[in-house]
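In the UniProt record's numbering, the protein residues as written are 1 to 110.
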């Protein structure tokens, strides 16, 4: 894990940083709304270095994306981000989780 990294929930003020990370990772950044979905951020100092999002449908949380800036990859940042979403979803009553991805299925199989 990265020294001094924090994982926290995203808020409306984080939309620009989320968009920046998604774009840097080659992902689309449209329709980002931390108030209607679970967004987790990895932050080092004041810099957002990664983010993940999940959306709740009844009792299922669907992990839609996980993105980490290139220079921070391979250090379990995405693992911590997804874990944070799963914990929030469980606390909100979700009993199932699913992944919506066609890229890097081996990562999510863990």
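Ideal Cβ placement from N, Cα and C applies to all residues, glycine included.
Check: Residue 71 to residue 5 span [Cα, whole Å]; Outcome: 14 angstroms
Check: Burial state of residue 12 (16 or more Cβ within 10 Å); Outcome: exposed
Check: Residue 71 - containing alpha helix (DSSP H), residue span; Outcome: Here residue 71 belongs to no alpha helix (DSSP H), and DSSP marks it neither H nor E.
Check: CA-to-CA distance, residue 20 to residue 40, given in whole angstroms; Outcome: 14 angstroms
Check: Residue interval of the alpha helix (DSSP H) (run including residue 8); Outcome: Taken as a continuous stretch (DSSP letters only), residue 8 belongs to no alpha helix (DSSP H), being part of the beta strand (DSSP E) at 5 to 9.
Check: DSSP state of residue 32 mapped onto helix, strand, coil; Outcome: coil
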